[in-house]
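Structure record follows, encoded as structure tokens.
2 protein chains.
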Amino acid sequence: MTVEDGNTGVDVLSSLKVGMSESYSQTITDADIKSFSGVSGDKNPVHMSDEYAGKSRFKKRIAHGLMLSSYFSAIFGTKLPGPGCVYVSQSLKFTRPVYIGDTVTATVVIKSINFETRRIFFDTVCAVKGHAVIKGGAEIYLP
Amino acid sequence: MTVEDGNTGVDVLSSLKVGMSESYSQTITDADIKSFSGVSGDKNPVHMSDEYAGKSRFKKRIAHGLMLSSYFSAIFGTKLPGPGCVYVSQSLKFTRPVYIGDTVTATVVIKSINFETRRIFFDTVCAVKGHAVIKGGAEIYLP
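If you read the sequences in order, they're chains A and B.
Per our numbering, residue 1 is the first one in the first sequence, and the count goes up by one each step.
Per our numbering, residue 1001 is the first one in the second sequence, and the count goes up by one each step.
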């Protein structure tokens, strides 16, 4: 079964090119952090408690790195390459803290494509005000 | 500032040894998937729609890989090494699909410790019925 464009019936893979990219931006709020804490179970007080975080090296509560990383998953699953794609791997390096009120932009860029194995390799970056907060790469399989 | 045990005031790092591990198990339900879809924005129909997933290679709706990965974050932030630790990096390879009703066990094992730089390196695995569904590794910094 090949992933086809819903409108044209054309194999999505054939429309992809190195350098294509998609982004998603979201302002991080307390609601995001509390929701992710519930889903993940990660109630590390650096995310949950103003008092604890205030005494930490971060001085303020920070967002969960894997919450921000999940925006890559959203881009892959809904935009590029889109519905039906299969997540093969993801690497993540958390380079800076993200605070409540920060607007995070997640961007994925096609680095290379193997048309025989139908694998797409992406650079994946989350940034705040132009500074990378997460760097990494992903491999996607398009059935 | 050093992360100390809340009860003893002892530096947590000095109590860690290679081979130490912690696990967390959760049965995956529709509620988990819908919650994670909301937080991440990943509404790929392989997660959301029985009809779409039924026609896919998976035959049934599957869980988001990054949702399962978030259980590693929860173990790090709450159990081993525990509150105050800093997530430096995580690699993830998604090796098998996880379905609604599957009980996933996330396990982190200390592979090595650098006491000078205060970095802890972990093997991280999620498994269902003894079969790995996610494999990877993580680096944690203990301030």
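Quick reminder that beta carbons are idealized off the backbone N, C-alpha and C, glycines included.
Compare the Cα-Cα distances from residue i to each of the options and report the closest residue.
i       : options                               : result
L1092/B : D1102/B, A1106/B, I1100/B and G1084/B : A1106/B
L13/A   : A63/A, I110/A and R96/A               : I110/A
T1095/B : A1127/B, S1089/B, Q1026/B and S1112/B : A1127/B
K1135/B : I1028/B, Y1141/B and P1097/B          : P1097/B
V1133/B : S35/A, S89/A and I75/A                : S89/A
S73/A   : I1075/B, A1063/B and S1023/B          : A1063/B
Q26/A   : D102/A, R61/A and L66/A               : D102/A
I140/A  : L66/A, L80/A and M20/A                : L80/A
Y71/A   : V104/A, Y99/A, L142/A and K60/A       : V104/A
E22/A   : R118/A, G65/A, Y99/A and V108/A       : V108/A
Determine the direct distance from the alpha carbon of residue j to that of residue i, and round the result to whole angstroms.
i       : j       : result
S1037/B : F121/A  : 23 angstroms
S40/A   : G137/A  : 22 angstroms
R57/A   : S15/A   : 46 angstroms
M1001/B : D1011/B : Note that M1001/B scores a pLDDT of 49, beneath 50, so its modelled location is shaky; the value from the coordinates is reported in the next line. Near 10 angstroms, if we compare the C-alpha coordinates of D1011/B and M1001/B.
E1116/B : N1044/B : 44 angstroms
H131/A  : K55/A   : 25 angstroms
T1078/B : S1112/B : 20 angstroms
K1129/B : K129/A  : 44 angstroms
Y24/A   : I75/A   : 7 angstroms
I1033/B : K1060/B : 13 angstroms
S69/A   : L1066/B : 8 angstroms
A53/A   : I100/A  : 12 angstroms
R146/A  : R1119/B : It is not possible to answer for residue 146/A, since the shown part of chain A is limited to 1 through 143.
Would you call residue i buried or exposed, if buried means 16 or more other Cβ atoms sit within 10 Å of its Cβ?
i       : result
N114/A  : exposed
D1030/B : exposed
I18/A   : Checking the displayed sequence, the identity of residue 18/A turns out to be Val instead of Ile. Its Cβ having fewer than 16 others within 10 Å, V18/A is exposed.
T124/A  : buried
Can you confirm whether residue i, when its beta carbon is compared against all beta carbons of chain B, has any partner nearer than 8 angstroms?
i      : result
V122/A : Checking the sequence shown, residue 122/A turns out to be Phe, not Val. Closer than 8 angstroms: no.
M20/A  : no
Y87/A  : yes
P81/A  : no
R61/A  : no
D32/A  : yes
M1/A   : Confidence in M1/A is poor, its pLDDT being 48 and thus under 50, which makes the residue's placement too unreliable to answer from.
R96/A  : no
V39/A  : yes
V46/A  : yes
Could one say the Cβ of residue i lies closer than 8 angstroms to chain A's Cβ atoms, at least one of them?
i       : result
D1042/B : yes
H1064/B : yes
D1011/B : no
S1073/B : yes
P1078/B : Note on identity: in this sequence residue 1078/B is Thr, with Pro being the wrong assignment. T1078/B counts as touching chain A.
S1035/B : yes
S1025/B : no
F1115/B : no
K1093/B : yes
R1057/B : yes
Segment contact flag, the stretch 1077-1087 of chain B with the stretch 1045-1063 of chain B, C-beta cutoff 8 angstroms, min 3 pairs: no
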